[in-house]
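Asks:
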Amino acid sequence: MHLKTVAAAILTTLAFGTAHAGEPFILSSPELASGQSIPAKYYWNNFGCSGENARPELSWSGAPEGTKSFALTFYDKDAPTGSGFWHWSVYNIPLNATGIGTDIPKGAIENNTDLNQPGFFGPCPPVGRTHSYVYTVYALSVPSLDLPENASAALAGFFYNSNTLATATLEVIAGPREE
């Protein structure tokens, strides 16, 4: 009996391992490299920063089977708020999208950031400090999310995480900047 149980466990592992095998889910950018500094043009143009608030081109590949839509966030892990800072949150990105450039894909929705308004806000770390920022793409198991109007990025994140099949991240740094 014990041998049959072990054999069944091995066969189950092999079957499920093979069914989900494939290329890894990856988020990348031709303009940003993981662990490297964000170029100044992507910085916000406020709070003492003088960037262009440009959105970098981002692309993803290898979404898992069952993916029906995507969401994307940009988050400052080191913001002096006690809870980080959401700089960008986009959801209902259609399944056929493989990235985001200067425009968001048709049907996608930008929800509120921690500035209490939708849109992209580039990094702007405090003077003399370096911050870590994370772009995350979520492969979602639902074709769309019905979030309340003016949903915060934190609330949206709850819905993203509740429906996530996989995530891919690109972590970059900004700063230190001078006065």
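As numbered in mature numbering (1 follows the signal peptide of the UniProt record, and there is no 0), residues -21 to -1, 1 to 158 make up the sequence shown, in order.
Quick reminder that beta carbons are idealized off the backbone N, C-alpha and C, glycines included.
Does the stretch 12 to 25 come close enough to the stretch 44 to 56 that 3 or more CB-CB pairs lie under 8 Å?
Replies: No: the two stretches stay apart, fewer than three of their Cβ pairs being nearer than 8 Å.
Asks: So Val69 packs on Ile88, CB below 8 Å; how close in whole Å?
Replies: Contact flag correct, Cβ pair sits at about 7 Å.
Asks: I'd like to confirm something about Glu157: is its beta-carbon nearer than 7 Å to some heavy atom of the ligand COA, or not?
Replies: The ligand COA is not among the ligands present in this structure, which contains no ligands whatsoever.
Asks: Please give me, in chain order, every unbroken run of the alpha helix (DSSP H) with length at least 4 that falls completely inside the stretch 5 to 73.
Replies: Complete alpha helix (DSSP H) runs here, min 4: none at all.
Asks: Since Gly45 contacts Glu2 with CB under 8 Å, what's their CB separation in whole angstroms?
Replies: About 15 Å separates the two Cβ atoms, so there is no contact after all.
Asks: Let me check understanding here. Comparing Cα to Cα, which of Asp93, Pro102, Cys28 and Pro104 lies closest to Asn129?
Replies: Closest option to Asn129, Cα to Cα, is Asp93.
Asks: How would you label Thr115, buried or exposed, when you count the other beta carbons within 10 angstroms and need 16 or more for buried?
Replies: Thr115 comes out buried.
Asks: Please state whether DSSP places Trp90 in a helix, a strand or coil.
Replies: Per the sequence shown, the amino acid found at residue 90 is Asn instead of Trp. Residue state, collapsed to three classes: coil.
Asks: So who's on the other strand from Thr148, going by DSSP bridges?
Replies: DSSP, once it has assigned bridges, lists Thr115 as partnering Thr148.
Asks: From the DSSP output, in three-state form, read off Phe(-6) for me.
Replies: With a pLDDT of 35 at Phe(-6), under the threshold of 50, the modelled position of this residue cannot be trusted; read the value that follows with caution. Three-state result, Phe(-6): helix.
Asks: Closer than 7 Å by C-beta to residue 221: which residues in its own chain qualify, once you throw out the five before and the five after it? Chain order, please.
Replies: A question about residue 221 goes unanswered here, because the residues of the chain that appear run from -21 up to 158.
Asks: What number of angstroms, rounded off, separates the C-alpha of Ala147 from the C-alpha of Gly14?
Replies: Using only the alpha carbons, I get a separation of about 15 Å.
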